[in-house]
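One point on numbering: in my numbering, the residue at position 181 of the sequence shown is 195, and numbering is uninterrupted. Cβ coordinates follow ideal geometry from the N, Cα and C atoms, glycine included. Take a look at the structure below.
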Amino acid sequence: MNKNEVYKLPSSLSMCSLLKHLKLSSCSISPPPSFKGLNRLITLELLDVIIDTEVLGSLITSSPELEQLVLHVPAGFHHLTIDAPKLKLVKLKCFRAYVYFKKSPLLAIVSVASLTTICYNSIIHRKYDFIEFFDSLPALQQLCIDYQMMKILAAGQVQTRLPATLVHLKILSLFYICLDSSEDLSYVLFLFRSSPNIEKLKLQILHRPYVDALPEMTLIKLLLEKSPKLDRMVIRLKWPLEKLADKGFGILIKTNKFERASPNAKVIFKALDETELW
């Protein structure tokens, strides 16, 4: 088969009614009209798979035991409904679609890339916000989103915190964060204030010519001042080795002057290779 051709999965897959775990990559799926789904399926992972939106939605809906869903599929979708009452984990990456979480009372782990637009009802052209997003995920324990996804959810309006705090959220990862303005910083602080039981917070800030800019230092200062249970803050520096000592030491001096709500809080500086500097 030519390397540019896509392997078409045989229709016999629809006969595997006892299948519990399905992982497919680099293929296309086009089941027969008689396909009724895989009602014992527990995990579904599709990587670079070509599949019709309605077929995928039907596959998810007709899998009442589905607990884990990982999608990394080509562009072309418009609106995908995720209706899976036992779903516990969802990872969407490079996925161009409007996604509607219909019934997800147990969904605890969510990872969403910026090419995905989350929505919460059938009116997909209006603005959506943080409140609706988190209301649809009452059991959320781990959340991983990037800067673009945060801006979509913020819709230009960010309050101090959510009306109902995220009491179950333990791990929050925010990637490719841009702190060019106070508004950008407010997105991060909004999530932080709304998550009183956070145990691990991971932030990946977009590379800047200098790290000790005001927004970055303000964020470090606030995290130290408002985290009474903080044990350790790790700051990874991206500068070349010859610049680490000079620039990193300057940040260390500033950081040591900040008040700390936790008497046990330690600030550790590391190079990209995980070498501990200070």
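Assuming Q218 and I185 make a contact with CB atoms under 8 Å, what is their CB distance in whole Å?
With 8 Å as the limit, Q218 and I185 do not qualify as a contact, their Cβ atoms being about 14 Å apart.
Residue burial classification, M164 (beta-carbon count within 10 angstroms, cutoff 16):
buried
How many Å lie between S40 and L85 at the Cα?
12 Å
Pairwise C-alpha distance: D198 and P177:
21 Å
Compare the Cα-Cα distances from P152 to each of H182, I159, L27 and A127 and report the closest residue.
H182
So I96 and K116 are in contact, right, with Cβ under 8 Å, and what is the actual spacing, rounded?
6 Å
Using the rule of at least 16 other Cβ atoms within 10 Å of the residue's Cβ for burial, across every protein chain shown, is T174 buried or exposed?
exposed
Buried or exposed: where does V126 fall if 16 or more other Cβ atoms within 10 Å of its Cβ makes it buried?
buried
Nearest neighbour of N211, chosen from V202, T179, D66 and S196 [CA to CA]:
T179
Terminal residues of the beta strand (DSSP E) in which D194 lies:
Segment: none, D194 is in no beta strand (DSSP E) and carries neither H nor E.
I need the boundaries of the alpha helix (DSSP H) containing S40, first residue and last residue.
Not the alpha helix (DSSP H): S40 falls in the beta strand (DSSP E), residues H35 to I43.
Inspect the beta-carbon positions of L236 and M247 and report whether they are closer than 9 Å.
no
Assign K22 to one of two classes, buried (16 or more other C-beta atoms within 10 Å of its C-beta) or exposed (fewer than that).
exposed
Pull up the distance between the alpha-carbon of N270 and that of L228, whole angstroms please.
16 Å
Count the other CB atoms, across all protein chains shown, that sit within 10 Å of the CB of G71; report buried if there are 16 or more and exposed otherwise.
buried
Beta-carbon contacts of S25 that lie in its chain and below 7 Å, excluding the five residues immediately before and after:
P45 and P46
Environment of E230 [buried if 16+ CB atoms lie within 10 Å]
buried
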